[in-house]
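Asker: Here's a structure for you.
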Amino acid sequence: MDNQAASSKFDKLLRIVSKFFLYLLIIYLPLQELFLHLLESYTHLSVAKIFWMSHFYEPLIVLIIATYLLKFAIERKLPRMPKFDISLLIFLFLAVLMVVIRHSDLSRGLEGLRFLTLPFVIYILARLSDYQNPKRLTKTYLFIALIFAAIGVVEFFLLPAGYMATFLGVSNFGFGQNSLISTPQATALLAGPNQLASYLILAFFYLMHQFFTSKKPILSEGNSYFLILVALAIGLTFSRSALLGLVFGAVWMFVYFGRSARSKIIYSILFIVMVLSAAVSLALMNGELPRDLLAHGTSFSQHLFATKDSFLQFIHGGVAKILFGFGVGSAGPTALKLGGIITENYYLQILFEVGVIGFIYLVIFLAGVITRLYRGSKTLFFAFIALLVNALFLHIFSDNPVMAVTVFIIVAAVINVENNNLTQNAKLKTQN
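Mapping of the sequence shown onto UniProt numbering: position 267 corresponds to residue 267, and the numbering continues sequentially without gaps.
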């Protein structure tokens with residue numbers, strides 16, 4: 001009995017620590033990039049010290065996961081997991097294996113492993129914690145997202161490009177640092193406009209869902225104004241990939257609510273048309289639209305050519321590399337940083353790094369998540385679909401830890417609730 005009591009107390013303590021850590025990640029990660037650049041601008045610390053100070057949570061992840069593994073070893077009992085979670089564990093095992101046996105440069109492989117596995121490892125941690133309050137997690141995220149959306153809108157209309165360097169002495173960071181187009185893009189406190197846009201997608205669909213399900217008149221519903229703020233902030237990032245994903249998810253949501261919220265759907269479409277018309281008119285007045293469209297078009301065609309060339313390179317890599325990949329760190333953000341295969345497509349990145357076999361296991365996991373989200377959270381379901389579309393054009397689950405970690409923490413909490421409900425229903429059926 002004493003051993004059982006001690007084990008129960010330890011399990012409770014571990015879950016409390018895990019819960020605190022999950023909230024720490026949701027709150028800290030949006031501020032990580034600012035913290036990193038503040039350290040670079042105001043201290044004389046080495047690059048390595050700055051990196052580990054701003055990434056302090058990574059050793060903590062390893063420590064908490066190791067504690068769970070030790071607990072399972074002592075108890076000689078593994079947690080029950082659905083098949084799609086087991087698929088994710090196999091995917092993670094393959095990724096680690098590819099680092100060990102296929103990559104000639106171990107440091108590069110470990111760097112790629114960080115980019116590739118971070119959100120999925122956090123998902124596993126959140127599942128092991130069995131935390132079952134996705135609403136509180138979502139509200140915490142939503143509060144931060146609304147602040148970032150407001151910053152994005154304010155900086156676009158009221159602040160000069162490069163204001164972080166001008167007013168705060170923080171160089172190479174913030175609004176106006178993206179030189180792809182002539183118009184500055186909203187960034188808020190994240191690494192870039194694409195990061196801000198994808199980070200706000202979940203907030204957009206949460207508020208859109210609240211908008212469609214609310215019985216209040218449109219003008220008296222506070223979420224309507226928050227929705228406008230978030231939609232405007234996403235638009236001001238000029239992120240094409242995020243907008244494509246958002247439109248795809250929104251159309252699906254319009255179809256889903258087609259009968260019950262027809263008038264609100266019409267208002268939503270009219271609002272989108274008005275915003276687009278105003279944006280085009282403003283751009284034409286400033287003479288910026290033709291240049292920006294040309295720059296965007298050239299960039300988009302470069303993305304398409306890069307994707308095509310990368311796919312051909314993968315196909316001609318030989319049977320072993322097609323099945324098991326070129327090695328973790330050979331593509332994606334690691335390639336952008338250290339040189340390598342530039343895919344501009346998250347799914348191609350997976351194929352290059354862990355091959356068709358690893359890709360299949362990840363797809364099984366994602367399919368399981370989508371199924372559970374459709375049952376457990378329509379809001380998260382539509383947002384997740386939009387992000388999967390977004391991933392066709394960017395490595396968003398690898399190079400945007402703010403969005404990826406936040407989304408997968410909330411996804412894990414929703415699935416924890418779903419699993420608990422399934423367990424309770426199974427017990428009731430057994431009793432009956």
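Each residue gets a CB set at the ideal place from its N, CA and C atoms; glycine is no exception.
1. Does the Cβ-Cβ distance between ALA188 and GLY235 come in under 8 Å?
2. Thinking LEU229 and ALA150 are a contact (beta carbons under 8 Å), I'd like their distance in whole angstroms, please.
3. Looking only at C-alpha atoms, which of ILE101, LEU36 and TYR199 sits nearest to GLY245?
4. Among VAL356, VAL354 and LEU137, whose alpha-carbon lies nearest the alpha-carbon of LEU380?
5. For ALA73, which of helix, strand or coil comes out of DSSP?
6. Bridge partners of ILE250, per DSSP?
7. THR298: buried (16+ other C-beta within 10 angstroms of its C-beta) or exposed?
8. Taking LEU351 as the reference, give the member of LEU392, ASP105 and ARG375 with the closest Cα.
9. The alpha helix (DSSP H) that contains THR187, what's its start and end?
10. Can you check which of these residues, HIS44, LEU422, PHE205 and ASN420, is closest to PHE248 by C-alpha distance?
11. Is it true that the CB of PHE382 sits closer than 8 Å to the CB of GLY355?
12. Would a C-beta distance cut-off of 8 Å place PRO30 and LEU190 closer than the cut-off?
13. Around the C-beta of SER18, are 16 or more other C-beta atoms found within 10 angstroms, so that it is buried, or is it exposed?
14. Here's the rule I'm using: 16 or more other beta-carbon atoms within 10 Å means buried, otherwise exposed. How should LYS264 be labelled?
15. Applying the criterion that 16 or more other CB atoms from any shown protein chain within 10 Å of the CB defines a buried residue, is GLY327 buried or exposed?
16. With distances taken from CA atoms, which of PRO160, PHE238 and ARG114 is nearest HIS55?
17. Can the beta-carbon of ILE410 be found closer than 8 Å to that of ARG372?
18. For LEU207 versus LEU232, is the C-beta spacing smaller than 8 Å?
19. On the criterion of 16 or more Cβ atoms from any shown chain inside 10 Å, does ARG80 qualify as buried, or is it exposed?
20. List in chain order: all unbroken alpha helix (DSSP H) runs of 4+ residues lying wholly within the region 35–65.
21. Can you tell which of SER398, LYS378 and TYR361 has the C-alpha that lies nearest to the C-alpha of ALA346?
22. Answer with buried or exposed for VAL59, where buried requires no fewer than 16 other C-beta atoms within 10 angstroms of its C-beta.
23. Please say whether LEU92 and THR117 have beta carbons closer to each other than 8 Å?
24. Taking 6 Å as the limit between beta carbons, can you name the residues of its chain near SER400, skipping five residues before and five after?
25. Rounded to the nearest angstrom, what separates MET274 and ASN172 at their Cα positions?
26. How about ILE201 and LEU387: do their beta carbons lie closer than 8 Å?
27. Suppose you measure from the CA of LYS216 to the CA of GLN424; what does that come to, to the nearest Å?
28. By the three-class DSSP mapping on this structure, what secondary structure does ARG11 have?
29. Going by C-alpha to C-alpha distance, which of LYS71, LYS378 and GLN185 sits closest to GLU155?
30. Cutting at 7 Å between CB atoms, please list the residues of its own chain near ASN133, excluding the five before and the five after it.
31. Run the CB neighbour count on SER8, radius 10 Å, all protein chains shown included, and call it buried at 16 or more, exposed below.
32. Around the Cβ of GLY169, are there at least 16 other Cβ atoms within 10 angstroms (buried) or fewer (exposed)?
33. By a C-beta neighbour count over all protein chains shown, 10 Å radius and 16 as the cutoff for buried, is ALA250 buried or exposed?
34. At what residues does the alpha helix (DSSP H) containing ASP399 begin and finish?
35. Indicate the three-state DSSP secondary structure (helix, strand or coil) for LYS215 in the structure shown.
36. Which residues in the same chain as ALA5 place their Cβ atom closer than 8 Å to its Cβ, once the five residues preceding and following it in sequence are excluded?
Answerer: From the atom records:
1. Translated into the one-based positions of the sequence shown, residue 188 becomes position 188. Translated into the one-based positions of the sequence shown, residue 235 becomes position 235. Taking 8 Å as the Cβ cut-off, ALA188 and GLY235 do not qualify as a contacting pair.
2. Walking along the sequence shown from the start, residue 229 turns up at place 229. Walking along the sequence shown from the start, residue 150 turns up at place 150. That pair is a contact at about 6 Å.
3. Here residue 245 corresponds to residue number 245 of the sequence shown, with the count starting at 1. Nearest of ILE101, LEU36 and TYR199 to GLY245, Cα basis: TYR199.
4. Stepping through the sequence shown from its first residue, residue 380 is reached at position 380. Checking every option, the nearest Cα to that of LEU380 belongs to LEU137.
5. In the sequence shown, counting from the first residue as 1, residue 73 sits at position 73. Helix, per DSSP.
6. For this step, residue 250 is matched to residue 250 along the sequence shown. Before going further, note that residue 250 is Ala rather than Ile in the sequence given. Its beta-bridge partners do not exist; DSSP assigns none.
7. Taking the sequence shown and counting its residues from 1, one reaches residue 298 at position 298. Its pLDDT being 48, under 50, THR298 is placed unreliably by the model, and the measurement read from it follows with that caveat. THR298 should be labelled exposed.
8. Along the sequence shown, read from residue 1 onward, the residue named residue 351 stands at position 351. Nearest option by C-alpha distance: LEU392.
9. On the sequence shown, position 187 is the one that residue 187 refers to. Careful: THR187 lies outside any alpha helix (DSSP H) and carries neither H nor E.
10. One-based indexing of the sequence shown puts residue 248 at position 248. Nearest of HIS44, LEU422, PHE205 and ASN420 to PHE248, Cα basis: PHE205.
11. Indexing the sequence shown from 1 puts residue 355 at position 355. Indexing the sequence shown from 1 puts residue 382 at position 382. No, they are not a contact pair.
12. In the sequence shown, residue 30 corresponds to position 30, counting from 1. In the sequence shown, residue 190 corresponds to position 190, counting from 1. Yes.
13. The residue you call residue 18 lines up with position 18 of the sequence shown. Burial state of SER18 is buried, judged by a 10 Å Cβ sphere holding 16 or more other Cβ atoms.
14. In the sequence shown, counting from the first residue as 1, residue 264 sits at position 264. With 16 or more Cβ atoms within 10 Å of its Cβ, LYS264 is classed as buried.
15. Against the sequence shown, residue 327 aligns to sequence position 327. The residue is buried, with at least 16 neighbouring Cβ atoms inside 10 Å.
16. To locate residue 55, count along the sequence shown from 1; it is residue 55. Scanning PRO160, PHE238 and ARG114 for the CA closest to the CA of HIS55 turns up ARG114.
17. In the sequence shown, counting from the first residue as 1, residue 410 sits at position 410. In the sequence shown, counting from the first residue as 1, residue 372 sits at position 372. Not a contact, by the Cβ cut-off of 8 Å.
18. Within the sequence shown, the letter at position 207 stands for residue 207. Within the sequence shown, the letter at position 232 stands for residue 232. Not closer than 8 Å, so no.
19. Position 80 of the sequence shown, counted from the first residue, corresponds to residue 80. Its Cβ having fewer than 16 others within 10 Å, ARG80 is exposed.
20. Correct list: 47–54.
21. Residue mapping note: residue 346 aligns to position 346 of the sequence shown, counting from 1. It is Tyr, not Ala, that sits at residue 346 in the sequence shown. That would be SER398, whose Cα lies nearest to the Cα of TYR346.
22. If you number the sequence shown from 1, residue 59 lands on position 59. Here residue 59 is Pro; the residue named in the question, Val, does not match the sequence. By the 10 Å Cβ count, PRO59 comes out exposed.
23. Within the sequence shown, numbered from 1, the residue matching residue 117 stands at position 117. Within the sequence shown, numbered from 1, the residue matching residue 92 stands at position 92. Yes, the pair counts as a contact, with Cβ atoms nearer than the cut-off.
24. Within the sequence shown, the letter at position 400 stands for residue 400. Per the sequence presented here, residue 400 reads as Asn, with Ser not at that position. Hits under 6 Å: GLN195 and SER198.
25. As a working note, residue 274 is residue 274 in the sequence shown. As a working note, residue 172 is residue 172 in the sequence shown. Distance between the alpha carbons of MET274 and ASN172 is about 34 Å.
26. In the sequence shown, the residue the question calls residue 201 occupies position 201. In the sequence shown, the residue the question calls residue 387 occupies position 387. Yes.
27. For the purposes of this step, residue 216 is identified with residue 216 of the sequence shown, where counting begins at 1. For the purposes of this step, residue 424 is identified with residue 424 of the sequence shown, where counting begins at 1. Approximately 35 Å, taken between the alpha carbons.
28. Reading the sequence shown from its first residue, position 11 is the one you call residue 11. Looking at the sequence shown, residue 11 is not Arg but Asp. Of the three classes helix, strand and coil, the one that applies to ASP11 here is helix, per DSSP.
29. As a position in the sequence shown, residue 155 is number 155, starting the count at 1. Measuring from the Cα of GLU155, the nearest candidate turns out to be GLN185.
30. Taking the first residue of the sequence shown as 1, we reach residue 133 at position 133. Closer than 7 Å at the Cβ level, and outside the excluded window around ASN133, lie ALA413.
31. Translated into positions along the sequence shown, residue 8 becomes position 8. Exposed.
32. Numbered from 1 along the sequence shown, position 169 holds the residue referred to as residue 169. The residue in question, GLY169, is exposed, as its Cβ has fewer than 16 Cβ neighbours within 10 Å.
33. Numbered from 1 along the sequence shown, position 250 holds the residue referred to as residue 250. Buried, because 16 or more other Cβ atoms sit within 10 Å of the Cβ of ALA250.
34. The residue labelled residue 399 in the question sits at position 399 within the sequence shown. Unbroken alpha helix (DSSP H) run through ASP399: 396–399.
35. For this step, residue 215 is matched to residue 215 along the sequence shown. LYS215: coil per DSSP, three-state reduction.
36. Your numbering for residue 5 matches position 5 in the sequence shown. None.
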